[in-house]
Structures are given as C-alpha cells and as structure tokens.
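A.B. asks: Residue numbers (this note's numbering), protein chains in the order written: chain A, -9 to 316; chain B, 34 to 340.
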C-alpha cells in the first residue's frame, strides 16, 4: 500500500516535471531567431511557399495553442517530424524546395528509438568501467582514512575530474587507434567501437564514485555494528563486503540518480568526438542545423529517462535498506 | 556537539580556535593540507602568468609567422626552441601564449558563471526553504525540471541560435547550473529556520526579507561558497567543450576549446597542437580541483566538529 502511494506520488511529480521541461524547451525554441517554415522549405523557396508551409504547420497560432497541440501529439506518442531528415536517410540540404525528397520527413520518435540502444550500450559500459576503476580506489581509501590509499584516491580523483573529456578522447584515439592500432575509434561497426568512448566517459564519472565510496565506507566503519561484527565471529573480508560495501551502495545509488544528467551530457560530447551514431550525435547535429522537433523530442525523452531512473533508484534503495521510507 | 567543545576547552592550544568563526576555521584547516597548498601554488602561478606574460611578451597570440610554423614543444622532436616552450601551430602562432590568453577567458567565464549560479541558486533555495508551502513546491519542481535536462543540451541549444559572446556564455551556463545550489541552500535553510534565534527574530517582528538577508544567508552561505571552487573548474571544462564544438568565444580569440578543435586537423604531423593546450588545461584544473577538494574536506571536518 505504501509502495503504491509512493509510486503514484512520484509518477505525478514526474509528470509535472516533464510538463515544465516540455514547456520550457518549447517556448525557448519559439523565441529564438529563425523561421522554422523557411528552414524546412530551404533558402531558395519563394515566399508564398514559406507562408503556405507556416500555415500548414500552424506556426501562426499563438504559442499556447501550438503547445497544447504539441502536448496532444505527445500524449499519443507522436514527437513530430524532423525538419530536415528524410525517411530514407539521405540528406536534403541542397535539394530544391519542390524536390519530392523534401516531403517525407523522418519521425523524431523513430530517430530516437533507432539510436537509443547504442547510447544505452555506451552509457552502460561506461558505468561498468567506472565501477571497475573506482571500487579498488574508493574502498581502499575508505578502509584506510589518512593513509596513502586515501591520498591516492584523493589525488587520482582530482586528476580524473580535471580531464576534459573531449581532449582525453582525442588523445586516446590518437594513441590507441592511430599509433598502436589496438582499438577502433571512429564510427560504429561492432562492439569494440564502444570501448574507447566508454572508457573516456568512465574517467569522467569515476571521481564522484571514488569520493562517495571512500567517504561513506570510512563513515560506516565507525558504526557500532561493524565494531561488534568480529565478536559475532565474522571475518574481515565478510564484514567489508556484506556490511560496509552493502551500506555504501545506497549513497552510490543516490549519486547515480543525481549524476545521471552529467553522464548523459558527457555521452553527447563523447559521441561527437568518436563519431558514434547514438543519441548525442543526433542531438548536436540537430542543434547545429536548428532541427527543432528533434531537440525538443530528445530533451523530453532524456528528462523522462531521468525521472524514471530516479524513481527506480529510490525503490532500489528501499529494497537494499528496508529502514528507508519511500 | 557539547562534548566536542568541552574537549577543546580542556585542550589548551585549541582555546584560540574557539574564538574563530567556522569560516575562519575552515580556511585554516584547508591551508594546513598539502594538497591545498600544492594546488594553490600551481593555480596561482599559472593565473599570474596568464595575467602578466601576454602583456609583456613581444609576440601577439594571434600573429601568424610562416617561418616558425609547426615547431614542436621543448625536447620533443627536431627544431624545438626555448622561444616556443609548447611549440607553435600550423600558422606559426605560439601555443604557450595562446594557452595563457585562453586561460584568462576560461577563468573569467568560470568565476563569473559560478557567482551567477551561486546567487540565483542560493537565493531561490533560501526563499524556498524559508517560505515553505506553495513557493517551495513551485521552486522545487522547477529545480527538478532543470536538473533533468543535461546542461550541455540547454547550452548548445541557446548558444547555437544566438551569438556566443562571453556574457551570453556566462548567462547560459549560470542559468543552467543553479539547481544544485538551490537544493543545498534549501536544505540548509530548512535546518536553520527551526532554530531559536530565527524564531526570536520573527517574534520581534522582523520581515522575511530581513531574516533571510541578515540571518539566514550569513549562517548558511559561507560553507556552500567554500565548495564553489570545484564548480569553477567544472565550468572551465564546459567552456572548453563549447569552444571545441564551435559555440564558445569565436576565433581569432584563442580559447582552449578552439585551439584543440583546430589542432585536431593536424594530429598526424603535429600532435602537439591539440595535445599541449589540453595538458595545460589539465594541470590548471588539477591545481584548482586539489584546492577545491581540500576545502571541501576541511569544511566537512569543521562542520562535524573535528577541527
């Protein structure tokens, strides 16, 4: 019952958040300079065609009317069509306004769904890498506060967080792909193309994990139940794994919920560097081309993921530690 | 809390510490760490170099010199010279000088953005925590919404359609980055507002504005400001990302982002054009982050009453 209450409350809150996000992005894209109708038909089209297109898209209606219409489409799962990208995947940049290839535009939802698996693969692998990098450093630091392990974690965290991800990407690509020829780095033709970008992302998020782990483990090791654990006949490795790490995983989960935005932001940049055909490259190209429906769709989609994952994080935390309330 | 004070009183040398405000104790605590001093020295030296050297150098960071193009950095390959410690780019421009000028813009944008984020975020957070009720709900939902859009999407969307000048970049990054400050300030305000002295002020008839500005803000903000250094570093990275995508301050003004983007085209025959500025930025930011993390540790220790 409590669970149901919690879910209903959080989902409602999430919907409010999504409503605010969608309105903010919608309004933002309407006030910036640039006439969507002109963008769609191209610079060479006569003015009548532009006017006709604007009428067709309902661009002359007040913003609120346009927004409500957009919400209506959204509720039916329709995120609109791209301004530029045709269904076939070919570019229409140079085609004349009456070229038939300009007519069939790709649906934003399809464009997103097509790319989301690759982006999730990248994000997932980077979280795995980040945990592999952070666990030894963070746990060792947490178990030995003030000793060299602590300093090592502190210093490596400070260096990792100072590494600009795009630069690290360029340097590693140069080193591993061009000099050594071990790993591919441009485009996507198989799983191995995910490794370098995921590693770059992992370096970006590991400082936060190292820090959270070392702080929370150091704190937990002072708790009474850790002090009495040896009296219960538990060996140290078991104490560390079953008690310290298990309890430290809750702040870690919360951190994941909060840092998700940073992870996704990093994904965009890293995808651009490695020419990785995921959501990030789609978004950045859409921004550079002013393809408003795509920007809008991606922003709402990402916010939805963010809201969903944060609900999931709270649920998971309460399963790990039943003392927590919903 | 009280037994900590007793132990400090019993301890003669720390008597003087009791007279210090928490903020002063935090500064003292931070300064006593090696990491803070190391970071401080690195950062201040580089910043000093950035402020002074370009003024006195006879070379111009944007001046091209065909005869000295593609000179490698010190001890790296043929033809290096002391005149160009980090080498030169494809147009013969000195990379060291360009990095120093880039650092000026980067630090300026970083600091200005954090100040903006701090005031907007803490202002809304204090208001939200202090007022409660509907104000709180509205501000917090906006905060949630803002947090759920990655800053980079917002920044490139706005900067992609308007001209990316320094004030525009500061405004966009500042307005995208305030929510975390709002959350921290709100929870601190919630904890503080139940305390006796605030209640007392209210009984005395102080207005909300007066209580927030005169009592809440001075009690809450210093510890938050203490960790803002870490955000200066992360905004500096953001600024370089924007420059790299082409949405930062525009060339010919050198910024880390546009130098690296430029150098990327010459990776095969001149690896240093893209690599050296990144290294330079990495060292600067490491200095800054060492300071920031040491300050964060110091704050946590002081707030826990250990120092």
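Note that the Cβ used here is the ideal one computed from N, Cα and C, for glycine as well. Note that this is a predicted model, so its numbers are computed, not measured.
Among A/101, A/55, A/239, which one has its Cα closest to the Cα of residue 68 of chain A?
C.D. replies: Your numbering for residue 68 of chain A matches position 78 in the first chain. Minimum Cα distance to residue 68 of chain A is reached at A/101.
A.B. asks: Just grab the DSSP bridge partners of residue 71 of chain A for me.
C.D. replies: Taking the first chain and counting its residues from 1, one reaches residue 71 of chain A at position 81. Beta-bridge pairing links residue 71 of chain A to A/97.
A.B. asks: Please work out which residues of its chain come closer than 6 Å, Cβ to Cβ, to residue 264 of chain B, disregarding the five sequence neighbours upstream and downstream, and give them in chain order.
C.D. replies: By 1-based counting over the second chain, the position of residue 264 of chain B is 231. Within the same chain, residue 264 of chain B has close Cβ partners 147.
A.B. asks: Can you grab the Cα-Cα spacing for the pair residue 261 of chain A / residue 182 of chain A, in whole Å?
C.D. replies: On the first chain, residue 261 of chain A is found 271 positions in, with the first residue counted as 1. On the first chain, residue 182 of chain A is found 192 positions in, with the first residue counted as 1. Approximately 14 Å, taken between the alpha carbons.
A.B. asks: Can you find at least 3 beta carbon pairs, one from the region 116 to 133 of chain A and one from the region 158 to 177 of chain A, that sit closer than 8 Å?
C.D. replies: Flag = no, the region 116 to 133 of chain A and the region 158 to 177 of chain A do not touch.
A.B. asks: To the nearest angstrom, report how far apart residue 85 of chain B and residue 136 of chain B are at their CA atoms.
C.D. replies: Position 52 of the second chain, counted from the start, is the residue given in the question as residue 85 of chain B. Position 103 of the second chain, counted from the start, is the residue given in the question as residue 136 of chain B. Each residue's Cα considered, the two are about 12 Å apart.
A.B. asks: Determine whether the Cβ of residue 311 of chain B lies closer than 7 Å to any Cβ atom of chain A.
C.D. replies: As a working note, residue 311 of chain B is residue 278 in the second chain. It does; some Cβ of chain A falls within 7 Å.
A.B. asks: Using the C-alpha atoms, what's the distance from residue 139 of chain B back to residue 100 of chain B?
C.D. replies: One-based indexing of the second chain puts residue 100 of chain B at position 67. One-based indexing of the second chain puts residue 139 of chain B at position 106. Computed Cα separation, rounded: 30 Å.
A.B. asks: Return the residues of the region 209 to 231 of chain B that lie within a Cβ-Cβ distance of less than 8 Å from chain A, sorted by chain order.
C.D. replies: Listed by position, the residues of the region 209 to 231 of chain B near chain A (Cβ gap below 8 Å) amount to none.
A.B. asks: Return the chain-ordered ranges of every alpha helix (DSSP H) run that is complete within the region 101 to 171 of chain B and spans a minimum of 4 residues.
C.D. replies: Entirely contained in the region 101 to 171 of chain B, the alpha helix (DSSP H) runs reaching 4 residues are, in chain order, 128 to 164.
A.B. asks: Where does residue 154 of chain A fall in DSSP's three states?
C.D. replies: Numbered from its first residue, the first chain carries residue 154 of chain A at position 164. Residue state, collapsed to three classes: coil.
A.B. asks: Touch check for the region 239 to 249 of chain B and the region 294 to 303 of chain B: three-plus C-beta pairs under 8 Å?
C.D. replies: Taking 8 Å as the limit for Cβ pairs, the verdict is that the region 294 to 303 of chain B does not touch the region 239 to 249 of chain B.
A.B. asks: Distance cutoff 7 Å, beta carbons only. Does residue 184 of chain B sit that close to anything in chain A?
C.D. replies: For this step, residue 184 of chain B is matched to residue 151 along the second chain. Chain A, which has a Cβ nearer than 7 Å to the Cβ of residue 184 of chain B, makes this yes.
A.B. asks: Considering only residues of the same chain and omitting the five flanking positions on each side of residue 177 of chain A, which have a CB-CB separation below 6 Å?
C.D. replies: Taking the first chain and counting its residues from 1, one reaches residue 177 of chain A at position 187. Taken in chain order, the residues that qualify are 265.
A.B. asks: Checking the sheet assignment: what are the DSSP bridge partners for residue 76 of chain A?
C.D. replies: Within the first chain, the letter at position 86 stands for residue 76 of chain A. For residue 76 of chain A, which the question treats as bridged, DSSP gives the partners A/95.
A.B. asks: Are the C-beta atoms of residue 157 of chain A and some chain C residue less than 7 Å apart?
C.D. replies: No chain C appears in this structure, whose protein chains are A and B.
A.B. asks: Please say whether residue 207 of chain A and residue 234 of chain A have beta carbons closer to each other than 7 Å?
C.D. replies: Your numbering for residue 234 of chain A matches position 244 in the first chain. Your numbering for residue 207 of chain A matches position 217 in the first chain. Yes, these two residues count as a Cβ contact at 7 Å.
A.B. asks: Under 8 Å Cβ-Cβ, which residues of chain A neighbour residue 286 of chain B?
C.D. replies: Taking the first residue of the second chain as position 1, residue 286 of chain B is located at position 253. Those do not exist, as residue 286 of chain B stays about 18 Å from chain A at its closest Cβ, beyond 8 Å.
A.B. asks: Assign residue 38 of chain A to one of two classes, buried (16 or more other C-beta atoms within 10 Å of its C-beta) or exposed (fewer than that).
C.D. replies: Mapped onto the first chain, residue 38 of chain A falls at position 48. Per the 10 Å Cβ criterion, exposed.
A.B. asks: Could you check the C-alpha separation between residue 169 of chain B and residue 231 of chain B for me, to the nearest Å?
C.D. replies: Locating residue 169 of chain B in the second chain gives position 136, counting from the first residue. Locating residue 231 of chain B in the second chain gives position 198, counting from the first residue. Cα to Cα, the separation comes out at about 19 Å.
A.B. asks: Check each candidate in A/75, A/104, A/107 and name the one with the smallest Cα separation from residue 94 of chain A.
C.D. replies: Looking up residue 94 of chain A in the first chain gives position 104. Nearest of A/75, A/104, A/107 to residue 94 of chain A, Cα basis: A/75.
A.B. asks: Report the CB separation of residue 294 of chain B from residue 277 of chain B in whole angstroms; it is logged as a contact under 8 Å.
C.D. replies: Here the question's residue 294 of chain B lines up with position 261 in the second chain. Here the question's residue 277 of chain B lines up with position 244 in the second chain. About 5 Å; that satisfies the 8 Å criterion.
A.B. asks: Is the beta carbon of residue 285 of chain A less than 7 Å from the beta carbon of residue 277 of chain A?
C.D. replies: Within the first chain, residue 285 of chain A is the residue found at index 295, counting from 1. Within the first chain, residue 277 of chain A is the residue found at index 287, counting from 1. Cβ distance < 7 Å, so residue 285 of chain A and residue 277 of chain A count as in contact.
A.B. asks: How long is the line joining the alpha carbons of residue 254 of chain A and residue 113 of chain A, rounded to whole angstroms?
C.D. replies: Taking the first chain and counting its residues from 1, one reaches residue 254 of chain A at position 264. Taking the first chain and counting its residues from 1, one reaches residue 113 of chain A at position 123. Those two C-alpha atoms are separated by around 8 Å.
A.B. asks: Using the C-alpha atoms, what's the distance from residue 321 of chain B back to residue 141 of chain B?
C.D. replies: As a first step, residue 141 of chain B is located in the second chain; it is residue number 108 there, counting from the start. As a first step, residue 321 of chain B is located in the second chain; it is residue number 288 there, counting from the start. Their backbone Cα atoms lie some 14 Å apart in a straight line.
A.B. asks: Evaluate residue 43 of chain A with the Cβ neighbour count: other Cβ atoms within 10 Å of its Cβ, from every protein chain shown; 16 or more gives buried, anything less gives exposed.
C.D. replies: Here residue 43 of chain A refers to the residue found at position 53 when the first chain is read from its first residue. Buried, by the Cβ-count rule.
A.B. asks: Roughly how many angstroms lie between the CA atoms of residue 213 of chain B and residue 97 of chain B, to the nearest whole one?
C.D. replies: Position 180 of the second chain, counting from 1, holds the residue named residue 213 of chain B. Position 64 of the second chain, counting from 1, holds the residue named residue 97 of chain B. Whole-angstrom Cα-Cα distance: 44 Å.
A.B. asks: Is it a yes or a no for the region 243 to 263 of chain B touching the region 143 to 158 of chain B, going by three-plus beta-carbon pairs under 8 Å?
C.D. replies: Flag = yes, the region 243 to 263 of chain B and the region 143 to 158 of chain B touch.
A.B. asks: Please specify which runs of the alpha helix (DSSP H), each continuous and at least 4 residues long, are wholly inside the region 264 to 307 of chain B, giving them in chain order.
C.D. replies: Listed in chain order, they are 289 to 296.
A.B. asks: State the CB to CB distance for the pair residue 98 of chain A and residue 124 of chain A, rounded to an integer number of angstroms; the pair is presumed to be in contact (CB under 8 Å).
C.D. replies: As a working mapping, residue 98 of chain A is identified with position 108 in the first chain. As a working mapping, residue 124 of chain A is identified with position 134 in the first chain. Incorrect: roughly 36 Å between the Cβ atoms, too far for contact.
A.B. asks: Within the chosen definition, does the region 303 to 310 of chain A reach the region 6 to 25 of chain A through at least 3 CB pairs nearer than 8 Å?
C.D. replies: In short, these stretches do not touch, since the Cβ pair count stays below three.
A.B. asks: Kindly list the residues whose CB is nearer than 8 Å to the CB of residue 283 of chain A, restricted to its own chain and excluding five residues on each side of it in sequence; keep chain order.
C.D. replies: What you label residue 283 of chain A is simply residue 293 of the first chain in a count that begins at 1. Hits under 8 Å: 69, 70, 71, 72, 73, 98.
A.B. asks: Taking the alpha helix (DSSP H) that residue 211 of chain B falls in, what are its first and last residues?
C.D. replies: For the purposes of this step, residue 211 of chain B is taken as residue 178 along the second chain, with counting starting at 1. Taken as a continuous stretch (DSSP letters only), residue 211 of chain B belongs to no alpha helix (DSSP H), as it is neither H nor E.
A.B. asks: One question on the structure: do residue 68 of chain B and residue 327 of chain B come within less than 7 Å of each other, judged by their Cβ atoms?
C.D. replies: Numbered from 1 along the second chain, position 35 holds the residue referred to as residue 68 of chain B. Numbered from 1 along the second chain, position 294 holds the residue referred to as residue 327 of chain B. Yes; because the gap between Cβ atoms is below 7 Å, this pair is in contact.
A.B. asks: Closer than 7 Å by beta-carbon distance: list the chain B residues that pair up with residue 151 of chain A, in chain order.
C.D. replies: Stepping through the first chain from its first residue, residue 151 of chain A is reached at position 161. Chain B residues near residue 151 of chain A: 322.
A.B. asks: Taking residue 56 of chain A as part of the alpha helix (DSSP H), name the residues at either end of that continuous run.
C.D. replies: Residue mapping note: residue 56 of chain A aligns to position 66 of the first chain, counting from 1. Looking at the DSSP string, the run of the alpha helix (DSSP H) that includes residue 56 of chain A is 53 to 65.
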